[in-house]
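S.K.:
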Amino acid sequence: MDYKKLIRDSWLFTQSNKKLIYWFGFIPSLLTTTVGIGYITYQFFAFQKSYLFENADHSFAYEVINFGWEFVKQHASWSVPLVIVGIVIAVLYFLVPTLFKAAAIQAIAREKNGQKSGVGIGLKYGLMAFLPLFEYHLLVGTFSWISMLTESSFVIRNLGMGLFQMMMPVFIVIFILSIFLTLLFTFADLFIVIDDEKVLASMRKSAKLVFMNWQHTLLITILMIIIGVRIIIQALFVFLIPGAVIFAVGYMTTLALGTPVLIIAGLVGVLGLFIAAYLGGVVDIFSYAVWTFAFLELTSEKEVSARDKVSARDVVSGGDDDDDAPPLGTAPKGDLGRLEDTTPKGETGGPTPDQAPSEDNIPGLL
11 MDYKKLIRDS WLFTQSNKKL IYWFGFIPSL LTTTVGIGYI TYQFFAFQKS YLFENADHSF
71 AYEVINFGWE FVKQHASWSV PLVIVGIVIA VLYFLVPTLF KAAAIQAIAR EKNGQKSGVG
131 IGLKYGLMAF LPLFEYHLLV GTFSWISMLT ESSFVIRNLG MGLFQMMMPV FIVIFILSIF
191 LTLLFTFADL FIVIDDEKVL ASMRKSAKLV FMNWQHTLLI TILMIIIGVR IIIQALFVFL
251 IPGAVIFAVG YMTTLALGTP VLIIAGLVGV LGLFIAAYLG GVVDIFSYAV WTFAFLELTS
311 EKEVSARDKV SARDVVSGGD DDDDAPPLGT APKGDLGRLE DTTPKGETGG PTPDQAPSED
371 NIPGLL
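Here this note's numbering is used: the first residue of the sequence shown is 11, the next is one more, and so on.
1. Decide if T152 is buried, meaning its Cβ has at least 16 other Cβ atoms within 10 Å, or exposed.
2. Check whether the segment 111-118 touches the segment 75-82, counting contact only when three or more Cβ pairs, one atom from each stretch, lie closer than 8 Å.
3. How many angstroms separate the CA atom of L102 from the CA atom of L109?
4. According to the neighbour-count rule (16 or more other Cβ atoms, all chains shown, within 10 Å of its Cβ), is W301 buried or exposed?
5. At least one CB of chain D closer than 8 Å to the CB of I94: is that the case?
6. Evaluate V203 with the Cβ neighbour count: other Cβ atoms within 10 Å of its Cβ, from every protein chain shown; 16 or more gives buried, anything less gives exposed.
7. Output the boundary residues of the alpha helix (DSSP H) element that contains M11.
8. Could you check the C-alpha separation between V98 and M222 for me, to the nearest Å?
9. Below 7 Å CB to CB, which residues in the same chain sit around E64 once its five sequence neighbours on both sides are set aside?
10. Tell me the rounded alpha-carbon separation between I232 and K126.
11. What is the DSSP secondary structure of N123, counted as helix, strand or coil?
12. Considering only the beta carbon of each residue, do S20 and F303 sit closer than 8 Å?
13. Take every Cβ of the segment 20-34, pair it with every Cβ of the segment 128-137, and state whether three or more of those distances are shorter than 8 Å.
14. With burial defined as no fewer than 16 other Cβ atoms inside 10 Å of the residue's Cβ, what is the status of E121: buried or exposed?
15. Hey, how far is the Cα of I37 from the Cα of H85?
16. On the criterion of 16 or more Cβ atoms from any shown chain inside 10 Å, does K215 qualify as buried, or is it exposed?
17. Determine the DSSP secondary structure at L62, reduced to helix, strand or coil.
18. Please state the DSSP three-state secondary structure of D205.
19. Given 8 Å as the limit, is there contact between the segment 138-146 and the segment 198-213, that is, 3 or more CB pairs closer than that?
20. Measure the CB-CB distance between V220 and L193 and report whether it falls below 8 Å.
21. Can you tell me whether G170 is buried or exposed, with buried defined as 16 or more other CB within 10 angstroms of its CB?
22. In the structure shown, what three-state DSSP assignment does E311 receive?
23. Hey, A217 and F195 are a contact pair by Cβ (cut 8 Å); roughly how many whole angstroms apart?
24. Check for me: the alpha helix (DSSP H) holding N76 runs from which residue to which?
25. Mind checking P107: buried by the 16 CB within 10 Å criterion, or exposed?
26. Residues in its own chain within less than 6 Å of Y52 by CB, not counting five upstream and five downstream?
27. Alpha carbon to alpha carbon, how far is F296 from L173?
28. What does the alpha-carbon distance come out to for the pair L281 and A275?
29. Grab me the residues of F197's own chain with a C-beta within less than 6 Å of its C-beta, minus the 5 sequence neighbours each way, in chain order.
30. Let's see if you can read the secondary structure: which residues bound the alpha helix (DSSP H) around W418?
Dropping the structure here:
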């Protein structure tokens, strides 16, 4: 496998398919980035209200619920639309990223294989793989870094540092296990989407494919680093955007500035959100292309079992360096390799017309 060619082809594919970036990259990235900003903001204020800093009488969650209830009582006409919007955003957040990932993989694989592809084709076939892929994501979501961050932060805020230190070995083991499972089930999504496999079968085949292609560990490591870079980039924006907006709004409030300045600050924050979502979408499509191209190449290689017979040429050649060697049993060219013609002669000295080839003849010599 040519790693440089794989990365280059994946990047060229990403740059030449802007529609995939806009539809299958930007939209789900916008949802995940928005929810991520809200999640980080909640964690920030939750820690601020905990015993570690202020030791407040009530938790931040209590204040959020109390604020929401007071808002509903004072603005009843706004409550129903806001609840509907919240439900719609929650449904889109849980469904759209999985659906658009399946659609993107379908579009990439079909274009790679020379089939008709595009946003519509990818979405049509992605819908067929949505439910098993969604089931798989729910299954492995327990070991995601978001779940680990939520659980560890909950223990620190509510149960104390002492208990957290006692549970630290458990979190470390879960973290190592999550890395191992992530590597082991690298191709599970692709088996589900491309080969229409069931969840458990895709996990089993992914583990087998990873084990049988251990020599491509370097490639898998590079791909994991690429995904890690994507997470780091998005995490930086997740931290920087709300931090910058909160700082700017707080600073402007202290200066008693007017509404126009606050509107400008809000617009800057929204612009930063869109930029972060677009960059995340580009990296998403690029990583999908890398994994899909690698999957198609690895699964196209026939697995040889102990019962399969290999031709003598395959045994002798053993690599690409012997591609120019003549087939087994073929006389080499040149004067040194010229063999004497031993074809039986007839009475006139020419070859016998009806001479049948012997079964013992070696092709290339007679």
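C-beta atoms are modelled at their ideal positions from N, C-alpha and C, and glycine is treated no differently.
Since this is a predicted model, take the numbers as computed values, not measurements.
M.R.: A quick look at the data gives this:
1. Classification of T152: exposed, given that the 10 Å Cβ count is below 16.
2. Contact between the segment 111-118 and the segment 75-82 is absent, because fewer than three Cβ pairs lie under 8 Å.
3. 10 Å
4. buried
5. Of the protein chains in this structure there is only one, and it is not chain D.
6. buried
7. Neither: M11 is in no alpha helix (DSSP H) and is coded neither H nor E.
8. 43 Å
9. Cβ neighbours of E64 beyond the five flanking positions: Q58.
10. 30 Å
11. coil
12. yes
13. yes
14. Label assigned to E121: buried.
15. So the alpha carbons of these two residues sit roughly 31 Å apart.
16. Around the beta carbon of K215, 16 or more other beta carbons sit within 10 angstroms, so the residue counts as buried.
17. coil
18. The three-state secondary structure of D205, taken from DSSP, is coil.
19. yes
20. Closer than 8 Å, so yes.
21. exposed
22. Correct three-state label for E311: coil.
23. 7 Å
24. DSSP places N76 in the uninterrupted alpha helix (DSSP H) bounded by 70-84.
25. buried
26. Same-chain partners within the cutoff: there are none.
27. Taken atom to atom, the span from the alpha-carbon of F296 to that of L173 is near 42 Å.
28. 10 Å
29. S216, L219, F305
30. Any question about residue 418 goes unanswered here, given that the chain covers just 11 to 376.
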